[in-house]
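Structure record follows, encoded as C-alpha cells.
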Amino acid sequence: MKLKTLPEAAALVRDGDLVALQNMATQSAPMAMVRELIRAGRRDLGLVCLVGGMAVDWLAASGSINRFVGAAVSMEQFGLCQRFRKAVEAGRVRVEELSETALLARLTAGARSLPFLPTRGLIGTDLIDINPNLELLEDPFGGPPVVACRALVPDVALIHAHRADRFGNVQYEPTALWPDIGIMPKAARRVVVTVERVVGSDVLRLNPDRTVLPGFMVDAVVEAPWGAHPTSFNPCYGYDSGFHLRWAEAAAAPGSATEFLAAFVHAPADHATYLQAVGGAARLAALGRWEAG
Amino acid sequence: MKLKTLPEAAALVRDGDLVALQNMATQSAPMAMVRELIRAGRRDLGLVCLVGGMAVDWLAASGSINRFVGAAVSMEQFGLCQRFRKAVEAGRVRVEELSETALLARLTAGARSLPFLPTRGLIGTDLIDINPNLELLEDPFGGPPVVACRALVPDVALIHAHRADRFGNVQYEPTALWPDIGIMPKAARRVVVTVERVVGSDVLRLNPDRTVLPGFMVDAVVEAPWGAHPTSFNPCYGYDSGFHLRWAEAAAAPGSATEFLAAFVHAPADHATYLQAVGGAARLAALGRWEAG
Amino acid sequence: MSVPGWEKSPPARDYSVDELMVAVLAGCFRPGDQVCNGMASFLPVSAIRLAKLTHAPDLVWLAGAVGLEPRPGPVPASTLEAPLWRNSLMYVEQCGDFWTMVLNGRFLSKFCVGAAQLDRFGNANNSVIGGDFHSPRVRLPGTAGMGDMGSIGKLLYYWNPDHSQRSLVRKVDFVSCAGYLSGGRQRSDLGLEGGPELVVTNLAVLDFHPDSKHMRLRSVHPGVSVEEVQSATGFELLLPDGGEVPQTPPPTQAQVDAIRTVIDPHGMRRREFRRMRQRAAGGPKAG
Amino acid sequence: MSVPGWEKSPPARDYSVDELMVAVLAGCFRPGDQVCNGMASFLPVSAIRLAKLTHAPDLVWLAGAVGLEPRPGPVPASTLEAPLWRNSLMYVEQCGDFWTMVLNGRFLSKFCVGAAQLDRFGNANNSVIGGDFHSPRVRLPGTAGMGDMGSIGKLLYYWNPDHSQRSLVRKVDFVSCAGYLSGGRQRSDLGLEGGPELVVTNLAVLDFHPDSKHMRLRSVHPGVSVEEVQSATGFELLLPDGGEVPQTPPPTQAQVDAIRTVIDPHGMRRREFRRMRQRAAGGPKAG
Chain A
18 MKLKTLPEAA
28 ALVRDGDLVA
38 LQNMATQSAP
48 MAMVRELIRA
58 GRRDLGLVCL
68 VGGMAVDWLA
78 ASGSINRFVG
88 AAVSMEQFGL
98 CQRFRKAVEA
108 GRVRVEELSE
118 TALLARLTAG
128 ARSLPFLPTR
138 GLIGTDLIDI
148 NPNLELLEDP
158 FGGPPVVACR
168 ALVPDVALIH
178 AHRADRFGNV
188 QYEPTALWPD
198 IGIMPKAARR
208 VVVTVERVVG
218 SDVLRLNPDR
228 TVLPGFMVDA
238 VVEAPWGAHP
248 TSFNPCYGYD
258 SGFHLRWAEA
268 AAAPGSATEF
278 LAAFVHAPAD
288 HATYLQAVGG
298 AARLAALGRW
308 EAG
Chain B
18 MKLKTLPEAA
28 ALVRDGDLVA
38 LQNMATQSAP
48 MAMVRELIRA
58 GRRDLGLVCL
68 VGGMAVDWLA
78 ASGSINRFVG
88 AAVSMEQFGL
98 CQRFRKAVEA
108 GRVRVEELSE
118 TALLARLTAG
128 ARSLPFLPTR
138 GLIGTDLIDI
148 NPNLELLEDP
158 FGGPPVVACR
168 ALVPDVALIH
178 AHRADRFGNV
188 QYEPTALWPD
198 IGIMPKAARR
208 VVVTVERVVG
218 SDVLRLNPDR
228 TVLPGFMVDA
238 VVEAPWGAHP
248 TSFNPCYGYD
258 SGFHLRWAEA
268 AAAPGSATEF
278 LAAFVHAPAD
288 HATYLQAVGG
298 AARLAALGRW
308 EAG
Chain C
104 MSVPGWEKSP
114 PARDYSVDEL
124 MVAVLAGCFR
134 PGDQVCNGMA
144 SFLPVSAIRL
154 AKLTHAPDLV
164 WLAGAVGLEP
174 RPGPVPASTL
184 EAPLWRNSLM
194 YVEQCGDFWT
204 MVLNGRFLSK
214 FCVGAAQLDR
224 FGNANNSVIG
234 GDFHSPRVRL
244 PGTAGMGDMG
254 SIGKLLYYWN
264 PDHSQRSLVR
274 KVDFVSCAGY
284 LSGGRQRSDL
294 GLEGGPELVV
304 TNLAVLDFHP
314 DSKHMRLRSV
324 HPGVSVEEVQ
334 SATGFELLLP
344 DGGEVPQTPP
354 PTQAQVDAIR
364 TVIDPHGMRR
374 REFRRMRQRA
384 AGGPKAG
Chain D
104 MSVPGWEKSP
114 PARDYSVDEL
124 MVAVLAGCFR
134 PGDQVCNGMA
144 SFLPVSAIRL
154 AKLTHAPDLV
164 WLAGAVGLEP
174 RPGPVPASTL
184 EAPLWRNSLM
194 YVEQCGDFWT
204 MVLNGRFLSK
214 FCVGAAQLDR
224 FGNANNSVIG
234 GDFHSPRVRL
244 PGTAGMGDMG
254 SIGKLLYYWN
264 PDHSQRSLVR
274 KVDFVSCAGY
284 LSGGRQRSDL
294 GLEGGPELVV
304 TNLAVLDFHP
314 DSKHMRLRSV
324 HPGVSVEEVQ
334 SATGFELLLP
344 DGGEVPQTPP
354 PTQAQVDAIR
364 TVIDPHGMRR
374 REFRRMRQRA
384 AGGPKAG
C-alpha cells in the first residue's frame, strides 16, 4: 500500500536531497508536491530538471534550493524565472548546466548502473571544461571523440501522472512523454508520484501499454487532482496563463514574491483549499477546456 | 508514396547487405519478405537479430546468408534451428555472438551516430576477446570498467507491423515492443515494412501514441496480411505450431529442408497463394483465435 | 494544401519585418527536410508552416519536438504546449526516440536557434553574461537543446529580432552553442560537421565566409542601409564578394496573406519583438 | 490469493522430480523480489507462480520479460509468447525500459538460467561445444540474456533437468555467462557483484563454497545417493561442512496440488525432461 497524503509523501524528500523534478517550462510539474515541500520548510535541496519552470522559481524564492542541474530554466512566453535568476547571480544557487543529451546521458547511466554514457553534444562549447562530470574521451575504435557524462543518481524523483493504483503502478494518457517520466524515476533512489486519480488495478489492465512505471519503482502515490496547476497537464487541462502572469509580475521583487507564496503556498491549509484560492471550480473547468492559456 | 509490392520492396535488399531482421524465436518475423528474398535468390546476406527463429533457419537452408550478428537463434519449444546450426558448424555462416545489451548498444550507437556505447554485460565471458567490435574501457571517472560496443549500421531493416499509411508512418497495436521495432529501423540505412493493413493517415491520427516509426525513416511499405505467418503477431494471430513442427522435422536433413522450401517458398506464386498452401481461411481463422499454438 | 498561386505572387507592398523574417526562414527549408522547433519559437514555427503551404508541402514538421505533422490551427501562445501538436500522426517519446532521431545524422538536419548573444564566428550564448560562470552578472535561461544541436552536425539558422551591439558581439561571453569556434578550420578539425548557415535579423540576412567562417552580410532589408547594420553590430562585418550588398527580397503578397490569415492571425510572431524592447539582456530560447 | 493451508501442508508422497525442482526454485524467491523469465523456462515460470501462490504473494513477475503481473492461465507452450502475459498491468518496452530496469542494481536481482554446460565455478556455456568458436563441433543457441545477467550483479539460479557429465563439466568449452570464472576472488576482483547462488538439477541441489567458489553439494533428492550425483558430475564436488549431505525436502502436498491443478495442468514443465532424453547436446535456453 503506497497511498499517502501529501505531507506523508513529502517526508520522503529530506533536507539536502538532490530532487529530480518533472517539469517543462509551463507543463507537467508536480506543483502540489512542490508547494508541500515549501510549506514543510525543506532546505538545501538540489534540483534536476530538463527545463525548469515556475516550480524552480518558487523553490528559489522560498530559499529551498542551493543547486540546480539541468538544461534550462524558463517559463517560455512568461519569461525568465526571475527569483531563480537572482539567486544564481547572488551565488545562492549553483548551476550545473548540461545540454539535453548530456543530462539524459547522466541520468540514463544512473538508471542503468553504468559509470557513464557518452554524447556527441557539447563538443566545442565552454560547458565541458567547467564541469567535472564531463570528460572528453577517445573512441577506442578510432572514431571521433565523445563526451563521457558521469552517472547521476538523484535521491528522489517527483512525478505527476494521470492515474495509478495503490501498488504504485503509474499510467499516462496518450500525450507527450517527456524525459522526466522516461528516465528520472528510473534513475532516482526514491520515487514520489502525484496523480490526478487513484484507480483500481483493473483499470490499468485495460491499457497495459499506457503504464509508464511499475509499482516496484514507486515509493509513494498521492491523489492530487489538478496537481500540476498552474502548469498544464495534457490532455486534462491547460496551463493557467493568468496565474503565470501574476507570478511573473510578483517575481520581479523579493517582497512581492514572498507575498505571493504566502497567499498561494503557505495560506491554503491543503490542496483543496489551494484550488479554491486559485479560482475554484469555474476556473478549473475553463482550464479543463484549455481555454485559459 | 512508399507503397510497393513485395518484389519491388525486396529490391531494396541487395546481395551482400547486412539485414536487421525483426524476429523473436516464434514471434513477429517479416516472413513474407523473407520468402521473397529467398525466391529472388539473394546471396551473401548478413543477418542482425536479437533472437532469430525460423526466418534465420530458412535463410541458412537456402544458402542466402554468410554471417549472423545476434544474441541467440532458437525456435524455443520447437528446438534449435538445425539448418543454421549446420551452416555455422560447416563454416558457411560466421557468427558474431553478443549479449542482448551489447547488441542493443551497437545498434543504438549506430542509430545515434555515436562511435560506441558501453555496457556492463559480458565482462568475464569469452565473448569479448574474440570480438573486435568490443573493447574493455576504463571509466574516466574512476569507476568500474565497461565494454565499449562499436556502432553497428545495418544496410536495411526488415520489419512487420500492424498498419501504416502510404507515407510510411507505422503503427503498432498495444503488445510487446521488442527491440527490433525500437531500434533496428533507426539504426539501418534503409527500412522496409510489411504491414497487416495499409490505412489512411486519419486512422493513425486517432492514436498518435501508437505510431512507432515516422514516415521519413521508412523507405517502403508493403501490405501483407498474415505476413508474419508462421510466427505469431500479437494481438492478431498466434504462431502456427503444426507448421513449426513440420519445419523442425524437415530441417533435420538438407534434402527434406530443400523440399519444404520448394513447396512453401518457391512454389507459391505470391503471398496469397502461400496463405492457401498453409491451410487457407480455416487455418488462418484458428490462428487468429490463438488456437493453433 | 498549398496557398493557391503562391509561385506567381507579386512582392508585398504592405508587410512588417517579422513577416519578412518568416519568409526568409521559410526559404531555408527544402522539400524532404524534416524540422522540429523548440520553445518560444514563433518565427520558426511560422516559417515552417509557410514553407509547407508554399514551396515545400512535404516538409516534415515535428511540432514542439513532440507531434509529427499535426493539423495545426493558428500559432498558439506556446510553441511547446499541446495546442501546437494536436491531431498529430505520432507522439515522439522524448527520452529515447526524439534524441535518437535528432542524433542520427540522416534526419532533422536543420535547426532554428535563438540566443541572447551571437558572435562573429557564429558561436551562441544563452548561459551567462558577465562575471564568471558561477557568479554571473546575468543568468540566462540555459543551453537547452542548442548545446547539442551546435555540435552534432546540424545546420543552424539563427534568428534575432533585436540586431544590436548587445546581441551581436565580437566574442560571446560564454559558448553554450558551438558555431565555428575561433573560425577557419577549428570546427572541422574537432570532427564537427554542419554549423551555422544563416543569421536572420530584423535588419539583415548574414552568412559565414566559406574559409574564414567570419560572419558576412548577405543582404540588407528594404529601407535599411549597410551602415545601419554595421553600426548595430559589435564587430566588423565582411561584405559579399564584389562589395555590393543586395536587398533582401520582400515577402510575396501570398506569403504575407498566408501568415496573417492562416498561420498566425493572432500575431504571436511579434511577441519576441515586443519582449526585445522591454529588456536589456536575455534572449529567446532555443528548444 | 494463496493456496489455502499451504503453510501446514504435509510432504507429498506422490510427486515427480520436476515438481520437486519447481518447489526448490520457488523457495529462492522472497516477498518483495521482482523476477522475469526467459524462453523455454517452464520450471522457472512454474516456480514463480508457485511462490506467488504460497510464501511470496507479492513477488513481482515480469512475465516473458514483457508483461507485468499478468493474470495467467495454465502455463502455456511458450514462456515468451502472448498467452503468458495476457491481462498484464504493463507492457514493458524492451529496447530501453526492460534493460534499464534489469541493469539497475536495485531491481530484478534474481534470474533463473538454463544452459547446455555448467562448470565447477558456475560458469555457463550456451554458445559452442568443441572446436573453436568459428568452427565449433556443436553450435548452441547463443548467450541471449545470460551474457548480461552473469556480469551485472544478478543472483543466478541454474536449473538443469539432465544432471550428467555432459552438462556439468570441469571447465566449460566457452564462457558465455560469467559465474565465478576461475574461482576464489577472481569475479569480485573484476568488480562484478552477484553471481551463481544455486544449481537445481534432477538429482540434487548444489551451491558454491563461499571462499573457493567451487560447486558444492547442498542436498540430494530423495532416493538419490551422493555417489550417484558424484558419478554424474564431470568434476569432484565439495561436500557440506561436516560431510553429511542432507536430503532435499520433498514438495508439500499443497505445492504439488497447486502445480498439477492450477499452475501447469498441461505438464509443460516436463517438456525439458523429454527433450533432454532426445539429444546429445544443446540445452534449455535462458532469456
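Those protein sequences? They're chains A, B, C and D, same order as listed.
Letter by letter, the first sequence follows residues 18 to 310 in our numbering.
Letter by letter, the second sequence follows residues 18 to 310 in our numbering.
Letter by letter, the third sequence follows residues 104 to 390 in our numbering.
Letter by letter, the fourth sequence follows residues 104 to 390 in our numbering.
Heads up, the beta-carbon is just placed ideally off N, CA and C, and yes, glycines get one too.
Chain B within 9 Å of residue i, Cβ atoms only
{"i": "G176(D)", "result": "no"}
{"i": "D121(D)", "result": "no"}
Nearest residue (CA-CA) to residue i, options the options
{"i": "V86(A)", "options": "T22(A), F277(A), P252(A), S116(A)", "result": "S116(A)"}
{"i": "E25(A)", "options": "M50(A), L35(A), D257(A)", "result": "M50(A)"}
{"i": "C66(B)", "options": "G272(B), Q39(B), A303(B)", "result": "Q39(B)"}
{"i": "G170(C)", "options": "A159(C), T157(C), W188(C), H158(C)", "result": "W188(C)"}
{"i": "R269(D)", "options": "G337(D), S181(D), L259(D)", "result": "G337(D)"}
{"i": "A88(B)", "options": "E184(D), Y194(D), G250(D), K111(D)", "result": "G250(D)"}
Neighbourhood of residue i by C-beta distance below 6 Å, restricted to the same chain and skipping five residues each side
{"i": "A205(A)", "result": "A37, P171, V173, A174"}
{"i": "R290(D)", "result": "Y283, L284, G298"}
{"i": "W307(A)", "result": "G255"}
{"i": "A264(D)", "result": "Per the sequence presented here, residue 264(D) reads as Pro, with Ala not at that position. Same-chain partners within the cutoff: N305, E375, F376, M379."}
{"i": "A129(D)", "result": "A150, L153, A154"}
{"i": "G305(A)", "result": "Y254"}
9 Å Cβ cutoff, residue i in contact with chain D
{"i": "F250(A)", "result": "no"}
{"i": "G199(C)", "result": "yes"}
{"i": "L139(B)", "result": "yes"}
{"i": "S130(B)", "result": "no"}
{"i": "R102(B)", "result": "yes"}
{"i": "S81(B)", "result": "no"}
Chain C contact for residue i (CB, 9 Å cutoff)
{"i": "A168(B)", "result": "no"}
{"i": "T228(A)", "result": "no"}
{"i": "S218(A)", "result": "no"}
{"i": "D74(A)", "result": "no"}
{"i": "R111(A)", "result": "yes"}
Contact belief for residue i with residue j at Cβ below 8 Å, rounded distance in angstroms
{"i": "R100(B)", "j": "A268(B)", "result": "5 Å"}
{"i": "L144(A)", "j": "E114(A)", "result": "6 Å"}
{"i": "I140(B)", "j": "V164(B)", "result": "6 Å"}
{"i": "L301(D)", "j": "R319(D)", "result": "Contact flag wrong, Cβ pair sits at about 11 Å."}
Sequence-distant residues of the same chain with beta carbon closer than 7 Å to residue i, five excluded per side
{"i": "Y118(C)", "result": "P353, P354, V359"}
{"i": "S418(D)", "result": "Since the displayed chain D opens at 104 and closes at 390, residue 418(D) lies outside it and no answer follows."}
{"i": "V127(C)", "result": "V303, V308, T351"}
beta-carbon residue i near the ligand SAM non-hydrogen atom, thresh 8 Å
{"i": "M92(B)", "result": "Questions concerning the ligand SAM fall outside what the structure shown contains, since it holds no ligand whatsoever."}
is_contact[residue i, chain A] using C-beta, thresh 9 Å
{"i": "F277(D)", "result": "no"}
{"i": "G248(D)", "result": "no"}
{"i": "D251(C)", "result": "yes"}
Residues of its chain near residue i, where Cβ-Cβ distance is below 8 Å and the 5 sequence neighbours each way are ignored
{"i": "N186(B)", "result": "S218, L221, T228, L230, P231, G232, V235"}
{"i": "V73(B)", "result": "L38, N40, L64, C66, I82, F85, V90, C98, F101"}
(request) Count the C-beta pairs between the stretch 149 to 164 of chain A and the stretch 139 to 157 of chain B that are closer than 8 Å, then say yes if the count reaches three, no if not. (result) yes
(message) With three or more beta-carbon pairs closer than 8 Å as the criterion, would you say the stretch 164 to 177 of chain D touches the stretch 187 to 194 of chain A?
(response) no
(request) Answer yes if the stretch 275 to 282 of chain D comes into contact with the stretch 222 to 231 of chain D, meaning at least three C-beta pairs across the two stretches below 8 Å, and no otherwise. (result) yes
(request) Could you tell me whether the stretch 245 to 253 of chain B touches the stretch 50 to 64 of chain B, using the rule of 3 or more Cβ pairs below 8 Å? (result) no
(message) Three or more C-beta pairs under 8 Å: does that hold for the stretch 117 to 125 of chain A against the stretch 162 to 169 of chain A?
(response) yes
(message) Below 8 Å, how does it come out for the stretch 95 to 114 of chain B and the stretch 61 to 78 of chain B: are there three or more Cβ pairs, yes or no?
(response) yes
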